[in-house]
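**Q** Take this structure, written in structure tokens, and hold onto it; I'll ask about it next.
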Amino acid sequence: MDSTSSSEPEGLRERKKRERGQALRQAALDLALENGYANVTVEDICERCGVSRRTFFNYFSSKEEALLGRADTVFDDEDQPDIAAFEAGGPDGRLLSDLQHLLASVVRTRLNKREEMHQYHLLMKQDPSLMQVQMSRMGNNERLFREMIQRRLDGGATDSGTSATDENSASDVNRRATSATNSSSDDSGSGHCHDDGDGVPVSIRAEALAALAMMSIKATFLRLRKVEGDPAPVIKELFDELRDIFEEETA
């Protein structure tokens, strides 16, 4: 009884915090479209939302971060539960299946913000300098996927619930990457092979799966621009097609 009552206010606080952060981001975007990004100040954003500078800086370090998101991550708060579940070996305990689930969730989060995405496209056209800033941040995508996947591999090496079918499929990807670089000693999938440039050691398997994740996200967005729908079947079809290609190549 006590634990339930104590968890409810915390859930409410977290929701209000998320909503305020979203309101600040939307205000930054609206003001940038109205007046031009260079003419927007933190004070303008605070005034639009009726909050203090101190409150603003509890959420963002700058107007750029309020508009474009944190520089150190490309994922939204809504993605975090699925990321945590994936790194912990879930939700199914099968590597490729769980990666598909994570990718579908990430794409779905973006699709739920179609209007915001449209506004961002308008702003990028209005101020090309922001496109350069955003493109420089996109390099974080694959690195973050490599690190997430490596944490999953490190934690899942002794996970008896891992499906042999999915692991074998992942091994197909890994073997091809391995043969291309003559690094066959890294056949465990979770063995570290090198530094990813940010001080985090990653395996060739993590590299291969991160590349697969990036390709799948891009292809899914391209397809769903033409026909609206759920990203999960699109990503599954892409993964299934890759499995078929690898099977044909090794037959």
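In the UniProt record's numbering, the protein residues as written are 1 to 251.
Just so it is clear, CB atoms sit at the ideal spot from N, CA and C, and this is done for glycine as well.
The model shown is predicted, which means the values in this text are computed figures rather than measured ones.
1. When you compare each of D79, D44, A210, F75 to S62 by their alpha carbons, which one comes out closest?
2. Identify every run of the alpha helix (DSSP H) within the UniProt domain "HTH tetR-type" (18-78), keeping only runs that are complete inside it and at least 4 residues long; order them along the chain.
3. With K236 as the anchor, note down where its alpha helix (DSSP H) starts and where it stops.
4. Return the CA-CA distance between L99 and D127, expressed in angstroms with no decimal places.
5. Let's test the definition: count the other Cβ atoms within 10 Å of the Cβ of E248 and tell me whether it reaches 16, buried, or not, exposed.
6. Tell me the residue span of the alpha helix (DSSP H) that contains V227.
7. With DSSP run on the structure shown, which of helix, strand or coil describes I149?
8. Between the segment 95-110 and the segment 11-24, do at least 3 Cβ pairs fall closer than 8 Å?
9. Can A206 and L144 be called in contact, C-beta distance under 8 Å?
10. Going by DSSP, what residue range makes up the alpha helix (DSSP H) through D98?
**A** Let's see:
1. With distances taken between Cα atoms, S62 lies closest to D44.
2. Counting only runs of 4 or more, we get 42-49, 53-59, 63-68.
3. Residues 231-250.
4. A straight line joining the alpha-carbon of L99 with that of D127 spans about 35 Å.
5. E248 should be labelled exposed.
6. Looking at the DSSP string, V227 is not in any alpha helix (DSSP H), and its letter there is neither H nor E.
7. Of the three classes helix, strand and coil, the one that applies to I149 here is helix, per DSSP.
8. The segment 95-110 is not in contact with the segment 11-24.
9. No, these two residues do not count as a Cβ contact at 8 Å.
10. Bounds of the alpha helix (DSSP H) holding D98 are 95-111.
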